[in-house]
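What follows is a short report on a single structure.
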Amino acid sequence: MNQLENGKIRITVKERGAELTSLYHKELQKEYLWQADPRYWGKHAPVLFPVIGALRDAEFIHDGKVFNLTKHGFARDLDFILVEMGADYLEYELEATEKTKTWYPFDFSLRIRYTLEDETVHTDYFVTNKGQKEMFYSLGAHPAFNWPLEAEEEFSDYHLRFAKQENLDSLMINQETGLRNLEKRNVLEESAVLDLDHALFKDDALIFEGVESDWVRFESQKSERFIQVSLKGFTHLGIWTKPNHAPFLCIEPWLGLCDRQDATKLIDQKDGIRMVSAGKSSQVRLTIAIG
């Protein structure tokens, strides 16, 4: 575990998955990040790489070969190396090994840098293709936040506020397979505010594409508590909790999404897939502000 703090906030990050495990506001003496209670969900903020969600039959095809890969990929389950640190940042790296190439044949480097600024943590993801051919990947954040943030508040005291009015349809998932079918359900129409209720998640996560807002804010209607998550640079947004009144909410900006039930399995044809050329890198930044 490594800690990083400034005058306002403190974060803790572990080597396994380079996962953020604490986001603590020092002045308010409040933990904002879900503390992985196994009765509900035993993770904090896993990094999703090189796939997001489920693959059809838990496999993909590349160059005529079949590779088996579990839900959300392997980065969250492997140890990263702390390669750099400074007064306001920590940087971790995961590189391809012979073992990872049995699941995912590409020669990659995934660097994750956490930087503190006032009441904000910036997370920069750098994906580098160290191979000689095109590399295909998905990348996502999966942070879970305490819901509610104040002991005297109720779940229903919270909503999501988008930066602008949105028309949002959620892509539907088969709960048995974890794959998308071709159905959608309307969740938000000409509004910037989505009222939260656990019934929203009876069919699993809400999955949005085409969100126009640069950020979404999880905020209390009773107190001044909020968490603002940036969306700029990401193509999809997942919102999730367990429907059994679990006391957390995940706000998940993604580059990619799970397979359709009729997916071809060819990774270069996968919906939402990203490509980085040989010797090149791709970067995206996630910003989380609390108050």
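Just so we're aligned, residue 61 is where the sequence shown starts under the working numbering, counting upward by one.
Yeah, the Cβ is synthetic: ideal placement off N, Cα and C, and Gly gets one too.
Supposed close pair residue i, residue j - CB separation, criterion 8 Å
i       : j       : result
Ile-71  : Leu-80  : 6 Å
Ile-333 : Phe-196 : 5 Å
Phe-205 : Leu-93  : 6 Å
Gly-238 : Cys-318 : 6 Å
Ile-121 : Leu-326 : 5 Å
Lys-224 : Glu-272 : 6 Å
Phe-278 : Phe-286 : 7 Å
Ala-78  : Tyr-152 : 4 Å
Pro-313 : Phe-261 : Their Cβ separation, rounded to whole angstroms, is 18 Å, which puts Pro-313 and Phe-261 out of contact at 8 Å.
Thr-180 : Ile-311 : Going by Cβ atoms, the distance from Thr-180 to Ile-311 rounds to 15 Å, so no, they are not a contact pair.
Arg-245 : Gln-321 : Not confirmed; about 17 Å, so no contact.
Leu-154 : Leu-138 : 6 Å
Gly-316 : Ser-198 : 3 Å
Buried versus exposed call for residue i [16 or more other C-beta atoms within 10 Å across all chains shown]
i       : result
Lys-330 : buried
Gln-95  : exposed
Val-126 : exposed
Glu-235 : Looking at the sequence provided, one finds Gln at residue 235 rather than Glu. Classification of Gln-235: exposed, given that the 10 Å Cβ count is below 16.
Gln-288 : buried
Val-107 : buried
Asn-189 : buried
Val-143 : exposed
Ala-265 : buried
His-104 : buried
Glu-284 : exposed
His-305 : exposed
Ala-211 : exposed
Tyr-147 : The sequence shown places Ala at residue 147, not Tyr. Per the 10 Å Cβ criterion, exposed.
DSSP state of residue i mapped onto helix, strand, coil
i       : result
Ile-327 : helix
Ser-342 : strand
Leu-239 : coil
Ala-211 : coil
Leu-108 : strand
Lys-86  : coil
Leu-129 : coil
Phe-196 : strand
Thr-160 : helix
His-305 : coil
Ala-135 : helix
Leu-291 : coil
Asp-78  : Reading off the sequence shown, one finds Ala at residue 78, where the question assumed Asp. DSSP places Ala-78 in coil when its eight states are reduced to three.
Ala-118 : helix
Leu-317 : coil
Ser-230 : strand
Ala-259 : helix
Ser-216 : helix
Glu-272 : coil
Glu-279 : strand
Lys-244 : strand
Glu-284 : coil
Ala-265 : coil
Residue i versus the options, residue with shortest Cα-Cα distance
i       : options                            : result
Leu-150 : His-182, Leu-88, Lys-282           : His-182
Tyr-185 : Ala-349, Gly-351, Ile-350, Ser-341 : Ser-341
Lys-161 : Gly-238, Ala-135, Leu-115, Thr-347 : Ala-135
Ala-338 : Pro-208, Thr-175, Arg-240, Gly-191 : Gly-191
Arg-221 : Leu-64, Thr-157, Glu-250           : Glu-250
Ser-230 : Asp-263, Leu-256, Thr-180          : Asp-263
Lys-282 : Glu-243, His-132, Arg-320, Asp-217 : Asp-217
Leu-176 : His-305, His-85, Lys-244, Trp-300  : His-85
Arg-76  : Asn-128, Met-335, Gly-133, Phe-140 : Phe-140
Ile-267 : Asn-227, Ile-233, Leu-170          : Ile-233
Gly-102 : Gln-343, Trp-314, Thr-301          : Thr-301
Glu-91  : Asp-97, Pro-98, Leu-83             : Leu-83
Ile-350 : Gln-321, Trp-275, Pro-98, Pro-307  : Trp-275
Ala-118 : Phe-109, Asn-128, Leu-248, Gly-124 : Asn-128
Thr-324 : His-202, Gly-124, Lys-193, Leu-291 : Gly-124
Pro-98  : Phe-308, Gly-316, Met-335, Val-344 : Phe-308
Gln-343 : Thr-157, Glu-194, Val-187, Leu-291 : Val-187
Tyr-164 : Pro-203, Tyr-174, Phe-109          : Phe-109
CB contact check: residue i to chain B, cutoff 8 Å
i       : result
Glu-249 : In the structure shown, chain B does not exist; there is a single protein chain.
Residues sharing a beta bridge with residue i, DSSP
i       : result
Leu-176 : Val-181
Glu-153 : Ile-141, Arg-171
Leu-93  : Phe-205
Ala-252 : DSSP, once it has assigned bridges, lists no residue as partnering Ala-252.
Gln-63  : Thr-72
Thr-188 : Ser-169, Ser-341
Arg-99  : Bridge partners of Arg-99: none, in fact.
Ala-349 : Thr-180, Gln-288
Gly-332 : According to DSSP, which records beta bridges pairwise, Gly-332 is partnered with nothing at all.
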